[in-house]
Every structure is written in C-alpha cells, then in structure tokens.
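Chains as they are written, first to last, in numbering that gives the first Met the number 0: chain Y, 0 to 273; chain P, 0 to 306.
Yeah, the Cβ is synthetic: ideal placement off N, Cα and C, and Gly gets one too.
Owing to the predicted nature of the structure, the values given are computational and were not obtained by experimental measurement.
Here's the structure, in structure tokens; my notes come after.
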Amino acid sequence: MSSRPPKSLLTYAVLYLIFLYAPVILLPLFAFNDSAIIALPLSGFTFHWFGLLWDTKALHEALYNSLLIAVVTAIGSTTLGIFAARAAARYEFPGKRGIVGFIMVPLVLPEIIVGVALIVVLIQLGLSLSAWTVIIGHVLICTPFSIAILQSAFNNMDRSLEEASMDLGESKIGTFFRVILPLVTPGIISSLLISFTISLDEFIIAFFLTGTDVTLPVYIWGQLRFPARLPAIMALGFLMVSLSFFLLLTAEYFRRRANRLTGNHTRSDNGIFQ
Amino acid sequence: MRQESPVGKGPATRWRKPRFMPSMSAGGWHGLALISPPFAYSLLMLAAPLLLVFLLSMWTQNYLDLDRTFTMANYREAASEKLYQVLMIRSVVISVIVTIVTVLLAYPIAYYIAFYGGKRKAMWLLLITIPFWTSYLIRVFLWKVILGYNGVLNGSLIGMGFIEEPLTFILYNANAVVITLAHAWAPFAILPIFVSISRIDTSLLEAARDLGDGPLRRFLRVTLPLSMPGVVAATLIVFIPTVGDYVTPRLLGGTDGLMIANMIQIQFGKANNAPLGSALAVSAMVIVASISITFVLLNRRFLRAKG
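Right under this line is the structure:
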C-alpha cells in the first residue's frame, strides 16, 4: 500500500486518540488541583491531596492487602502458568486443546461470574472470606495471561539447548533448573509483573470475596460515594497509573529481552549449522 | 537423546496395550503430568464452583436455610418477573450496541496502523494501550467527570459557544454506559482486527486493482472479508464481558442504565437470595453463549456464501 494515508483517515486517528486519552489526561490535572470539587476550571497547584493519602490509615491497610494479594497471585499464577505453558509448548498429549482451552476460559468469562461461582462455594463450605479467597479468584483469572506470555517464551526456546544439556549428562530436573529456566526467566518476570498488575487493579472479584480484608479497588469504590474524598482519590489514581506504567514498561522490556534471548539463539544456531 | 516413541518398533509391538489405555508416548504422559496442576486448579476452582452455581440455581432460599429440593422456580421467576426481563434485555441490548460502536470505531484505527503505520506500528499500538493502564474504577469515574451536568464536556462546549444549556442526555442513562464501555474495551477490539488486517497479502489488493476494482470495491471484496476473523474475535471479546459489567452501569447508568450484573450482586448481597442470583447468572451465561455461537455460525455461513 502507499505510505501516505488519506487525510480523512489521519484526522480520524488523531480524534480517536483524543477520545482514548480524554479521561487519563484529567487525572494529573485534578490530582494537583487546589480545589475540593472535581470540575473545571482549575484553581491552583497543590500537593495537599498526596499529603492526605499519606495520613489515611484505612488506605494503607487496603494498600497492604492489595500488595500482599497481588504478590501471592503473581507467584501462584506464574507457577501454574509455567506448568501449563511448558506442557503445551513441549509435549503432545490427548485432550491437549480441550485442557488448555479450559484453563483459558476465565479470559472470556465475565468476572462477575467468577466472583459468584467462588462465593457460592465458599458459603457452602462455610469458609470465611479473607485475602486468601481473593487470591484464589485472582490466580484463576491471571493464569491464562501467564500462560499466554510464557507459552511464547517456551515456544521460542531452542530445543537443541535442552537436548545438549541432557546429552552432557545433566538430569531432567537439572536441565530444567539450569538450562530451561534461565532461558525463560525474562518471560517469567514479564508474567509476574502482568499478573501483579491485573490483581492490583481487579475490582469485582475482590468486591465479592474480600470480607474484611479490603483491597485498594474496593476501598476506592467505597470512597467514590463521598465527594469530599474524590480529590485524594484522583491523587491516588495518579500514583497508581505511574506505578502500573512503570511496571508494564518493565514487563515489556523483559518480554522483548526474552524474545531476543531465545529468538537470537535459534537464529544464530541456524546460521551456523545451515 | 530421548526417542519420542519406543512403542511401535521392534519386539515391543507384540505387547498389546489394553483397550482403555490410549496409545501415548512417554512425552504424552509427561505433558499430562505437567499440565495436571493448573488443570486441577481450574477443575477445583472454576468447574466445580460453576457446577455448584448451576445446582444452587435450582434450590430455594428460605431466610437462612437452603431448601435442596430441585425446582425451576428461580428460573420461572427470572423469566417472568418484569424487572429481571428488563434488566436482561437491556444488558444484551447495551452490550450489542457497545460491541457495534467499539468495533466500528476500532476498525479504521486498526486499518490505519496496519497499512500506514510503517515502522511506527509498535509505537502506535503502545499509544493505544497506555490510557488503559489506569485503574478501571478511576477511568470509569473520570467519564462521570467528563459527562456530568457541570462536567468537562459541557463546560468546554458552553465555553466554546456551541451550546447554551448543559447536555443532559449523556449522564445517568444507557448512553453514558455505552460511551464508557466503548472506551474501556477499545484496545481489545483494535488489537485482533489489527492482527488480521496485517496478515492480508497485499498482492491480493494489487491484483484487485489491476483487475479494475476501485478503492471501495477493493475494500469490500478483499480487505473486509479477509479481516473478518479479527472482527469476529473483537466482537466476542467485547460482547461477552460487557454483558456482565458491574461498575459502569452502577456509576454512570442511573436507574435507567442498570444491568443484570447489578441485580446478580443485589441477590447475593442485600436481597440474600443466592439461588435466584445463581439462576440469573446461569441465564445470562446461557443467553450470552447462545448469541455468541449464533453469531459465529452466521458469520461462517456468510463468508462461505461469499466464497
């Protein structure tokens, strides 16, 4: 195709980007705005709302719960993801498509259904709600993402490196820990970061399963009803965007490095042997 | 090196495997063993709970006790009660509108990036995903700030002299829900469409041009049919989760914009009628699944008819 786009299409692209960025651009505006009301025009610059966040104890507890849940979720879903992705990338077995497909189902299930299903079980079993029940739900929805990321890492890995290690007398377990794992480490880090971010932001499952260990999104949800609390929530939102921006950029960096690490091996090996 | 399959070679063939054991290589067993932890987790934490939801939907709640005799009463109530009908139909209608709007808005952008993105394709895709790295709750709330009576949009439009009175049809109704959800799901529509358009062999477009097709006919007869897999994927990715969205209708929908997820939550919460909530959830899942399957089948048929 020609490299110069029609003017109408370019105009559309710009307008569309404005639509996409409209809400996010407001966030820093109101986070630093010296007014208790979230509306234009802006009045003055302030760090007051960030200071308020610093003094709110309930927020700190919610943040602690969310971080704990996100860390455990990231480790859990990445571990399950390693099993599934390795199996899917390396082996053929009966029912593979069905099993992998089934594990991926939470991707296309409305989250409220996951929340409902888990709360029904917990009530029937008579278990009390806590951070752990949220973790169970979050691992369920994060595992498909981990698998997707890790599968490409495992697929890109050069199989001959693994075979070489076995030929040189390394055991299966030794090969896994000393050859395979280091090669897919960037993929693992990327998977950890993505699951961490998803868990940190997830609301509806946490809303159903949280009990008294309120998570950050559930805390925010409670605050949205009180107009006086909103500027501080804007400041919080700004901090969270900055954090997830940083985390996802890091994840992207490792994902690319994973592709380079594993991809380059294949390419250079081919170059030498062919 | 390990051989993939020792079975089937040499004397081993004489040993006949029992019927119930499918012929499988050692690798197969390794694969199954490896996938069993995540598979078991999904069975235990997803399949079993969903099954229980299904069972619960046929039981009844008597204040604190659960009556475990099977009955279709909850489904009858879900189907006959006006409020539930309205919410269910509204959820599907809003979702369908959101899906159409999102996919239609996304298509030109995906087209633009795929054909004119050049070396900057990755940068464009990153630009599109960045706004979605914000907390979903806060993003939805910001739409409330934009669309409100004294909101950013009304303020700007009045400031620029386009309108004199604030627009009121854009908050606390279905319109607000559609706008917000169309925004929230934009990247999920753009990415699959982009992928399928990128895969189109441009020599086909050149052939069409050489054979005398104008730009419009080229688009309708080559680009659009070939990008349909992406459109179908985008449609399903947007449609299925939006039917069950809770946050947006609750924050922006007012009373005329509430959807079925809000009612499901009420049944599990305040109304304390988990069986009815389960029946509503199962009904919603069945409706969503049947619409999705019909859509896929119709689309397949349509494409086959086109040749």
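Residue P:Tyr115 holds the alpha-carbon nearest to the alpha-carbon of Arg3 of chain Y among P:Val295, P:Tyr115, P:Leu43. Secondary structure of Asn155 of chain Y (DSSP, three-state): helix. Of all residues in the segment 76-97 of chain P, none has a C-beta nearer than 7 angstroms to a C-beta of chain Y. Where Thr214 of chain Y is concerned, there is no enclosing beta strand (DSSP E), because DSSP gives it neither an H nor an E.
Here Ser190 of chain Y has Thr77, Gly80, Ser145, Ile148, Leu149 as same chain residues with Cβ atoms under 7 angstroms from its own Cβ, once five neighbours each way along the sequence are excluded. When the Cα atoms are used, Ala283 of chain P and Glu110 of chain Y turn out to be separated by approximately 13 angstroms. Ser129 of chain Y sits close to Gly210 of chain Y, with the two beta carbons spaced by under 8 angstroms. For Thr59 of chain P, there is no enclosing alpha helix (DSSP H); the enclosing beta strand (DSSP E) covers residues 59-61. Less than 8 angstroms divides the Cβ of Val246 of chain P from the Cβ of Phe202 of chain Y.
By the criterion of a C-beta distance shorter than 8 angstroms, Leu235 of chain P is surrounded in its chain by Ser291, Phe294, Val295, once the five residues flanking it on both sides are discounted. Comparing alpha-carbon positions, the option among Y:Arg259, Y:Gly75, Y:Gln222, Y:Pro5 lying closest to Ile108 of chain P turns out to be Y:Pro5. Taking a beta-carbon distance threshold of 8 angstroms, Lys95 of chain Y counts as an interface residue toward chain P. The Cβ of Tyr115 of chain P sits closer than 8 angstroms to at least one Cβ of chain Y. For Leu199 of chain Y, the enclosing alpha helix (DSSP H) starts and ends at 180-200. The C-beta separation of Thr133 of chain P from Ala188 of chain P comes to about 18 angstroms, leaving the pair out of contact by the 8 angstroms criterion.
Between Gly27 of chain P and Tyr90 of chain Y, the C-beta gap is smaller than 8 angstroms, which places the two residues in contact. Closest in alpha carbon position to Ser195 of chain P, among P:Leu152, P:Pro224, P:Gly229, P:Ile93, is P:Gly229. At a Cβ-Cβ threshold of 8 angstroms, Asp200 of chain Y and Tyr135 of chain P count as neighbours. Listed along chain Y is no residue with a C-beta nearer than 8 angstroms to that of Arg198 of chain P; the closest approach is about 14 angstroms. For the segment 233-301 of chain P, the full-length alpha helix (DSSP H) segments reaching 4 residues or more read 246-251, 259-267 along the chain. Annotation for Leu51 of chain Y: the continuous alpha helix (DSSP H) segment containing it runs 47-54. Within the same chain, Ala231 come within 8 angstroms of Thr55 of chain Y by CB-CB distance, once the 5 residues on both sides are set aside. Taken through DSSP and simplified to helix, strand or coil, Leu108 of chain Y comes out as coil. Pro37 of chain P reaches chain Y at Leu79, Gly80, Phe82, Ala83, Ile102, Thr142, Ile146, counting residues in chain order whose Cβ is nearer than 8 angstroms. Leaving aside the five residues that flank Tyr148 of chain P on each side, the residues in its chain whose CB is nearer than 6 angstroms to its CB run, in chain order, Pro165. Nearest C-alpha to Thr70 of chain P among P:Gly213, P:Val221, P:Trp58: P:Trp58. 8 angstroms or more divides the Cβ of Leu108 of chain Y from the Cβ of Gly136 of chain Y. Contact check between the segment 251-270 of chain P and the segment 85-96 of chain P: three or more CB pairs, one atom from each, fall below 8 angstroms, which counts as touching. For Tyr252 of chain Y, no CB of chain P lies under 8 angstroms from its own CB, so it is not counted at the interface with that chain. Under a 10 Å Cβ-count criterion, Trp48 of chain Y is classified as buried, with 16 or more other Cβ atoms of the shown protein chains found around its own Cβ.
Met233 of chain Y and Phe29 of chain Y have their alpha carbons spaced roughly 6 angstroms apart. For chain Y, the residues of the segment 128-143 of chain P that bring a beta carbon within less than 7 angstroms of one of its beta carbons are Pro130, Trp132, Thr133, Ser134, Tyr135, Leu136, Ile137, Arg138, Phe140, Leu141, Trp142, in chain order. Listed in chain order, the alpha helix (DSSP H) runs fully inside the segment 148-234 of chain P are 151-158, 173-183, 185-197, 201-209, 214-217, counting runs of at least 4 residues. One Cα belongs to Gln264 of chain P, the other to Asn271 of chain P, and the distance between them is close to 10 angstroms. Distances from the alpha-carbon of Tyr11 of chain Y to those of P:Thr201, P:Tyr106, P:Met44 put P:Tyr106 closest.
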